[in-house]
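Here's the structure, in structure tokens; my notes come after.
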Amino acid sequence: MGNIVGRLQSYFPSQQLQLILGSLMGDARLECRSKEIRQAYTARLRIHQSEKQKDYVFWKYQMLKDFVQKGPRHTKVWHDPKRNKDHFSWYFHTKTSESFGEIHKLFYKNRIKIVPPDILEMIEPFGLAVWYMDDGSNNGSNITLNTHSFSREEQEMIQNMLQTKFSIASTIVKDRSKLKIAIGRHEFEKFLDIVEPHIIFPMNYKIARPRNDLFAQSRQIAVI
27 MGNIVGRLQS YFPSQQLQLI LGSLMGDARL ECRSKEIRQA YTARLRIHQS EKQKDYVFWK
87 YQMLKDFVQK GPRHTKVWHD PKRNKDHFSW YFHTKTSESF GEIHKLFYKN RIKIVPPDIL
147 EMIEPFGLAV WYMDDGSNNG SNITLNTHSF SREEQEMIQN MLQTKFSIAS TIVKDRSKLK
207 IAIGRHEFEK FLDIVEPHII FPMNYKIARP RNDLFAQSRQ IAVI
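Position one of the sequence shown corresponds to residue 27 (this note's numbering), numbered consecutively onward.
Given below as structure tokens:
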């Protein structure tokens, strides 16, 4: 495993690798069509977000365009008959390569995306910020990471990583029949301080601090 991680660091510049890893911990997926078909183990990375996240998709494209043949495209997701409105999403994928195949070996087991322990150890603040932009929610005084697809054991690994690497305490909470990671109000500011320098402008709502906003509004009202 260590040899594979070392190869990843040689395949991708640091920031691109953090973007890839953070995306895969979030909404992105790897598509592998070569296993047991051709000798080389290859895959491609697919980025796919809602219309609301269009700017975010284009930002990722700019970061990864060295590996991409075609830029982001939109596709119709569904039609709302009541409003007579089409809803779209935006996506792009990288070229298929052995370097993404190496990542696929780590992230997928029996075609199911898993949490690779060695990858968690590699996550830096930029990668954490991408993961949060992909799959995190700011609830005003607490943060949740929508880790529903991962097992409890994997979520405990994530908990341990957040504590040991970033000194962030978290809990595993139930969300209907699934589980997710919650970062409570005592760690809220600490988490946002870590990711804020890496959050792009269109995603600023992820780092909004409502209590501060209300304080600023009250000061404006007082001045008026």
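Note that the Cβ used here is the ideal one computed from N, Cα and C, for glycine as well.
ask   = With a cut-off of 8 Å, do at least 3 Cβ pairs link the region 112-131 to the region 169-183?
value = no
key: Arg211, DSSP secondary structure in three states   = Numbered from 1 along the sequence shown, position 185 holds the residue referred to as residue 211. Correct three-state label for Arg211: helix.
request  = Report the three-state DSSP secondary structure of His174 (helix, strand or coil).
outcome  = Position 148 of the sequence shown, counted from the first residue, corresponds to residue 174. Three-state DSSP puts His174 in coil, outside helix and strand.
query = Would you say Leu171 and Ile207 are within 8 Å of each other, going by their C-beta atoms?
reply = If you number the sequence shown from 1, residue 171 lands on position 145. If you number the sequence shown from 1, residue 207 lands on position 181. In this structure, Ile207 lies closer than 8 Å to Leu171 by Cβ.
key: His174 versus His212, Ile140 and Lys135, residue with shortest Cα-Cα distance   = On the sequence shown, position 148 is the one that residue 174 refers to. The candidate whose alpha carbon is nearest that of His174 is Ile140.
message = According to DSSP, is Ser251 part of a helix, a strand, or is it coil?
response = Lying outside 27 to 250, the shown extent of the chain, residue 251 is not represented and no answer is given.
inquiry  = With DSSP as the reference, identify every bridge partner of Gly162, one or two as the case may be.
reply    = On the sequence shown, position 136 is the one that residue 162 refers to. Note: Gly162 sits in a beta bridge opposite Leu171.
query = Which value, in whole angstroms, describes the spacing of the CA atoms of Glu261 and Ser115?
reply = This structure gives no information on residue 261, because the portion of the chain shown stretches from 27 to 250.
ask   = Around the Cβ of His212, are there at least 16 other Cβ atoms within 10 angstroms (buried) or fewer (exposed)?
value = Within the sequence shown, numbered from 1, the residue matching residue 212 stands at position 186. Exposed.
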